[in-house]
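Chemist: Residue numbers (the UniProt record's numbering), protein chains in the order written: chain R, 1 to 228; chain H, 1 to 228.
Structure incoming, see below.
There are 2 protein chains.
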Amino acid sequence: MSTGIDLAVSTVIFALRPGDAGRLVLSIPLVRRTRDPFEGRWSLPGGAADATESLAATAARKLAETTGLAPAYLEQLYCFGAPDRSPSGRVVSVVYWALVRADEAELAAEGENVRWFAADELPQLAFDHNLIVDYALWRLRTKLEYAAIAHAFLGPTFTLAELRQVHEIVLQRALDPANFRRQIESSRSVVPTGEHVTGGRHRPPRLYRYDGSVQLVDNGPLTSVAVR
Amino acid sequence: MSTGIDLAVSTVIFALRPGDAGRLVLSIPLVRRTRDPFEGRWSLPGGAADATESLAATAARKLAETTGLAPAYLEQLYCFGAPDRSPSGRVVSVVYWALVRADEAELAAEGENVRWFAADELPQLAFDHNLIVDYALWRLRTKLEYAAIAHAFLGPTFTLAELRQVHEIVLQRALDPANFRRQIESSRSVVPTGEHVTGGRHRPPRLYRYDGSVQLVDNGPLTSVAVR
DNA sequence: CTCTGTTCTAGTCAAACTGACTTTTACAGG
DNA sequence: CCTGTAAAAGTCAGTTTGACTAGAACAGAG
C-alpha cells in the first residue's frame, strides 16, 4: 500500500553564537535550496525519511551533515502535514528541534549554501518553515522555564552566571541573579564541582555540572531518545 | 521519490462513560484487527493517511467512522516512527488524541470489532499502542492541570460540580470544591449563564458556559485546528 | 598596601498563591 | 418546621515569588 505521500524529516537547530557586538545571539543554521520548489530560498536542514533509520536518527544525521555537529539535546517538535504546504506534491514533515553547544557552534563551517541566521531576523523561508521556526522558538522558550535544558547550550561545567546568560538570551529579558540562583538550586538540576573560576575582577564563581540523575520532565513518550 | 515508508494516522479517543457502579469511567474505544499483523488484537482506530486530506481531518474522519462521533477537542499527540514498531514493514504513525462528550459517547455504537475499554484496564494491544495510550494519558492529565479542556467532556452548559467531577475522574484524586471553584474562576475560562439547576436536595448550583474568547494555551502551531 | 569597582553569594521582606478548613446559603424531602 | 446535602463564600497558615539589601572575594589602579 502506498499513500502517494512523501515523508521528510527536518530539524530546527538552536545555538548561541557571537553576534555583532560580541554578544551571543540565538541562531539557527539554514540551507539554501538548489532546486525547485523555492530554488534559492533558505530552508531548514532536512531530507527524505530513511526506511531503516529511526526518525530521530535521521534528524541527527541531517544535523551532522549540515553543521558537522552532534546535538546536546534533540526532541520531536511536531508533524506538519497540511495538504498545500508544498507546491510540488504532498509532503509530510516530521520536525525535530535541537540544541548544540556554543563552543562547538563557533567551529561549525558555513558555506555558500549553509549559513547561520539570528533566530529573530530570519528571511522569508521556503515552504511553511517560518511557521515551524516560530513554533520551535515558542517551545524552546516555554520549556526553558520548567525544564533543565539550558545546560545543553554550554559545556560540561559552567557557572550560574553563564547559565543565567543562556536564559536571558533565550527569554529576551534580564533575570535577577539572586532569584535565579535560588530557582536553579531548588530544582536540584545542577551540582557544584567544588572548583572555582579565577581571573575575573570579582569574587570567583563556583563551577557547576548538570545532574542527569534527576529526571525532571518529559522527553516525549520514549524514556530516552535513541539517535542511533 | 518514494521512501518505502507507509504513513498512517491513529487517534486515542477519550470519553467518560458509565461503568460498573454507575460511576463515570475514563474510556477509550478500540478496534479489533481483522488481519495480520496482530490479527484479533485490539488496536487504536486509524488507517492510512489520505493524500488530499489534512492529517487532523483524517484523524477526525477515522474517529467518526469508528464511533459515529465528532470530537469536541482534537490535538496532535506525537509521531511514532521506530523502525521495528510493525513486523510487516516500516510504518510511521501520526497519532492524535481527542475528547468526546459523555452524552454522545453513551450513544456510540459498539460492535463485534469496536468496543470501549476503561483507560486503566487495557488488554495487550497491537503494535506499540499500549505505549501510545500511556503517553496520551500522561498528556491528558498534564494538560488538564494547566489548560481549560475538561469542558470538552461535557455539554455546552455545566455546573462546577460536573466540571470538578471530570477533573477528579481524570486525575484520579478528590479535589476540594471550594479551592476548585477559586482556581476555575481565576482562570476566567467559564462564565455563568445566569441559570440554575433545580431538583437537588441542596442549594441549586449555577450553570456555566465555556468562554472560548480567552485563549489560554497552545493547540500546537496552528492557531485553530482545521478538521475539514 | 589600600581603595575601588565588579560580581558572587547569602539573606530579608512583602505580596501573591495554595491547601485545608469553616461558615452561610438554599434547596428537597420527611 | 426540621434535617441532610451540597453550593457558595470566606478564613488562615504555610509556601512561593519578585524586589531588594548586604556581606564576601577577587583584580587592578594608585
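Backbone N, C-alpha and C fix where the C-beta goes; we use that ideal spot for every residue, glycine too.
#1: For the alpha helix (DSSP H) that H:Leu-63 lies in, which residues bound it at each end?
#2: Kindly list, in the order they appear in chain R, the residues whose Cβ is closer than 7 Å to that of H:Pro-76.
#3: Between R:Ile-149 and the rest of its own chain, which residues show a CB-CB distance below 7 Å, the 5 nearest in sequence each way excluded?
#4: Determine, for R:Gly-4, whether the minimum Cβ-Cβ distance to residues of chain H falls below 7 Å.
#5: Could you compute how far the alpha carbon of R:Val-227 sits from the alpha carbon of R:Ala-60?
#6: Whether or not the region 113-133 of chain H and the region 82-95 of chain R are in contact is what I'm after, with contact meaning three or more pairs of Cβ atoms, one per stretch, closer than 8 Å; do they touch?
#7: Between the region 184-199 of chain H and the region 27-40 of chain H, can you find at least three pairs of beta-carbon atoms closer than 8 Å?
#8: Am I right that H:Cys-79 and R:Leu-55 are in contact with their C-beta atoms under 8 Å? What's the rounded C-beta distance?
#9: How should H:Arg-101 be labelled, buried or exposed, when 16 other C-beta atoms within 10 angstroms of its C-beta is the threshold for buried?
#10: Can you confirm whether H:Arg-33, when its beta carbon is compared against all beta carbons of chain R, has any partner nearer than 7 Å?
#11: Which residues in the same chain have their Cβ closer than 6 Å to the Cβ of R:Arg-33, if we skip the five residues on either side of it in sequence?
#12: To the nearest angstrom, how far is the alpha carbon of H:Val-169 from that of H:Ile-13?
#13: Quick one: which residues of the region 138-156 of chain R get their C-beta closer than 7 Å to a C-beta of chain H? List them in chain order.
#14: By Cβ distance, which residues of its chain are closer than 6 Å to R:Arg-164, with the 5 residues on each side in sequence left out?
#15: Looking at the unbroken alpha helix (DSSP H) that takes in R:Ile-28, where does it start and where does it end?
#16: Check for me: the alpha helix (DSSP H) holding R:Phe-38 runs from which residue to which?
#17: Of all the CB atoms in chain R, is at least one closer than 7 Å to the CB of H:Pro-221?
#18: Would you list, in sequence order, the uninterrupted beta strand (DSSP E) runs of no fewer than 3 residues that lie entirely inside the region 101-157 of chain R?
#19: Just the Cα atoms here: how many angstroms apart are H:Val-133 and H:Val-9?
#20: Kindly indicate which three-state DSSP category H:Gly-4 falls into: helix, strand or coil?
#21: Would you identify the three-state DSSP class for H:Val-91, choosing helix, strand or coil?
#22: Give the C-beta separation of H:Leu-7 and R:Pro-221 to the nearest angstrom, bearing in mind that I take them to be a contact with Cβ-Cβ under 8 Å.
#23: Does the CB of H:Pro-87 have a neighbour CB from chain R at under 7 Å?
#24: Locate the alpha helix (DSSP H) running through R:Ala-48, then write down its first and last residues.
#25: From H:Ser-224 to H:Arg-182, what distance separates their C-alpha atoms?
#26: Quick one, are the C-beta atoms of H:Leu-63 and H:Pro-71 less than 7 Å apart?
#27: Assign R:Ala-226 to one of three DSSP states: helix, strand, or coil.
#28: Report the residues of the region 34-53 of chain R with a CB closer than 9 Å to any CB of chain H, ordered along the chain.
#29: According to DSSP, what are the bridge partners of H:His-196?
#30: Please tell me whether R:Thr-67 and R:Ala-108 are closer than 7 Å, where the distance is taken between their beta carbons.
#31: Identify, in the order they occur along the chain, each residue of the same chain with its Cβ nearer than 6 Å to the Cβ of R:Gly-19, setting aside the five sequence neighbours on each side.
#32: Confirm the yes/no value for this check: CB of H:Leu-137, any heavy atom of the ligand FAD, distance under 6 Å.
#33: Since H:Val-94 meets chain R, which of its residues come closer than 8 Å, beta carbon to beta carbon?
#34: Under 7 Å, Cβ to Cβ, is there at least one residue of chain R near H:Tyr-135?
Modeler: Taking the structure as given:
#1: In the second sequence, the residue the question calls residue 63 of chain H occupies position 63. Counted as a single uninterrupted DSSP element, the alpha helix (DSSP H) harbouring H:Leu-63 occupies residues 55-67.
#2: Position 76 of the second sequence, counted from the first residue, corresponds to residue 76 of chain H. For clarity, residue 76 of chain H is Gln in the given sequence; the question names Pro instead. Chain-ordered, the chain R residues with CB closer than 7 Å to the CB of H:Gln-76 read Tyr-78 and Cys-79.
#3: Sequence index remark: in the first sequence, residue 149 of chain R carries index 149 (1-based). Excluding residues within five positions, the ones whose Cβ falls inside 7 Å are Tyr-73, Leu-99 and Lys-143.
#4: Position 4 of the first sequence holds residue 4 of chain R. Chain H has a Cβ within less than 7 Å of the Cβ of R:Gly-4.
#5: Locating residue 227 of chain R in the first sequence gives position 227, counting from the first residue. Locating residue 60 of chain R in the first sequence gives position 60, counting from the first residue. Because the pLDDT of R:Val-227 is 40, which lies under 50, any placement of that residue in the model is unreliable, and the number read from its coordinates should be weighed accordingly. Those two C-alpha atoms are separated by around 7 Å.
#6: In short, these stretches do not touch, since the Cβ pair count stays below three.
#7: Counting C-beta pairs with one atom in each stretch, the region 27-40 of chain H and the region 184-199 of chain H have fewer than three that are closer than 8 Å, which means they do not touch.
#8: Here the question's residue 79 of chain H lines up with position 79 in the second sequence. Here the question's residue 55 of chain R lines up with position 55 in the first sequence. About 7 Å separates the beta carbon of H:Cys-79 from that of R:Leu-55, a gap short enough to meet the 8 Å contact definition.
#9: On the second sequence, position 101 is the one that residue 101 of chain H refers to. Buried.
#10: Numbered from its first residue, the second sequence carries residue 33 of chain H at position 33. No, H:Arg-33 does not count as interfacial toward chain R.
#11: In the first sequence, residue 33 of chain R corresponds to position 33, counting from 1. If you ignore the 5 residues before and after R:Arg-33, its C-beta comes within less than 6 Å of the C-beta of Glu-39, Arg-41, Ser-43 and Ala-126, all in its own chain and listed in chain order.
#12: Start at 1 with the first residue of the second sequence, and residue 169 of chain H comes out as number 169. Start at 1 with the first residue of the second sequence, and residue 13 of chain H comes out as number 13. Note that residue 169 of chain H is Ile in the sequence shown here, rather than Val. When rounded, the distance between both Cα atoms is 16 Å.
#13: Those would be none; no residue qualifies.
#14: For the purposes of this step, residue 164 of chain R is identified with residue 164 of the first sequence, where counting begins at 1. The answer, listed in chain order, is Leu-175 and Phe-180.
#15: By one-based count along the first sequence, residue 28 of chain R stands at place 28. Per DSSP, R:Ile-28 belongs to no alpha helix (DSSP H); it is in the beta strand (DSSP E), 24-32.
#16: Position 38 of the first sequence, counted from the first residue, corresponds to residue 38 of chain R. First-last for R:Phe-38: undefined, no H or E at that position.
#17: For the purposes of this step, residue 221 of chain H is identified with residue 221 of the second sequence, where counting begins at 1. By this cut-off, H:Pro-221 is an interface position.
#18: Taking 3 residues as the shortest admissible run, the region 101-157 of chain R contains the following complete beta strand (DSSP E) segments, listed from N- to C-terminal end: 114-118.
#19: Taking the second sequence and counting its residues from 1, one reaches residue 133 of chain H at position 133. Taking the second sequence and counting its residues from 1, one reaches residue 9 of chain H at position 9. Spanning the alpha carbons of H:Val-133 and H:Val-9 requires a straight line of approximately 14 Å.
#20: The sequence position of residue 4 of chain H within the second sequence is 4, counting from 1. When secondary structure is reduced to three states using DSSP, H:Gly-4 falls in the coil class, being assigned neither helix nor strand.
#21: Position 91 of the second sequence, counted from the start, is the residue given in the question as residue 91 of chain H. The answer is strand: DSSP assigns H:Val-91 an E or B state.
#22: Against the second sequence, residue 7 of chain H aligns to sequence position 7. Against the first sequence, residue 221 of chain R aligns to sequence position 221. Not a contact, Cβ separation roughly 18 Å.
#23: As a first step, residue 87 of chain H must be located in the second sequence, where it is residue number 87. Chain R, which has no Cβ nearer than 7 Å to the Cβ of H:Pro-87, makes this no.
#24: In the first sequence, residue 48 of chain R corresponds to position 48, counting from 1. Boundaries for R:Ala-48: no alpha helix (DSSP H) harbours it, while the beta strand (DSSP E) harbouring it runs 46-48, taken from the DSSP string.
#25: What you label residue 224 of chain H is simply residue 224 of the second sequence in a count that begins at 1. What you label residue 182 of chain H is simply residue 182 of the second sequence in a count that begins at 1. Note that H:Ser-224 scores 42 on pLDDT, short of 50, meaning its location in the model is unreliable; the coordinates nonetheless yield the value given after this. Distance between the alpha carbons of H:Ser-224 and H:Arg-182: 29 Å.
#26: On the second sequence, residue 63 of chain H is found 63 positions in, with the first residue counted as 1. On the second sequence, residue 71 of chain H is found 71 positions in, with the first residue counted as 1. The answer is yes: Cβ separation under 7 Å.
#27: On the first sequence, position 226 is the one that residue 226 of chain R refers to. Confidence in R:Ala-226 is poor, its pLDDT being 39 and thus under 50, which makes the residue's placement unreliable; the coordinate value appears in the next sentence. Under the three-state reduction of DSSP output, R:Ala-226 falls in the coil class, being neither helix nor strand.
#28: Result list: Ala-48, Ala-49, Asp-50, Ala-51, Thr-52 and Glu-53.
#29: Indexing the second sequence from 1 puts residue 196 of chain H at position 196. DSSP output for H:His-196 lists H:Arg-206 as bridge partner(s).
#30: Here residue 67 of chain R corresponds to residue number 67 of the first sequence, with the count starting at 1. Here residue 108 of chain R corresponds to residue number 108 of the first sequence, with the count starting at 1. It is a contact, given that the beta carbons lie within the stated cut-off.
#31: Position 19 of the first sequence, counting from 1, holds the residue named residue 19 of chain R. For R:Gly-19, where only same-chain residues beyond five positions count, the Cβ hits under 6 Å are Val-25.
#32: No copy of the ligand FAD occurs in the structure displayed, which carries no ligand at all.
#33: Residue 94 of chain H sits at position 94 when you count from the first residue of the second sequence. One finds Cys-79, Gly-81 and Val-92 in chain R with Cβ atoms closer than 8 Å to the Cβ of H:Val-94, taken in chain order.
#34: Taking the second sequence and counting its residues from 1, one reaches residue 135 of chain H at position 135. True, the Cβ-Cβ gap to chain R drops below 7 Å.
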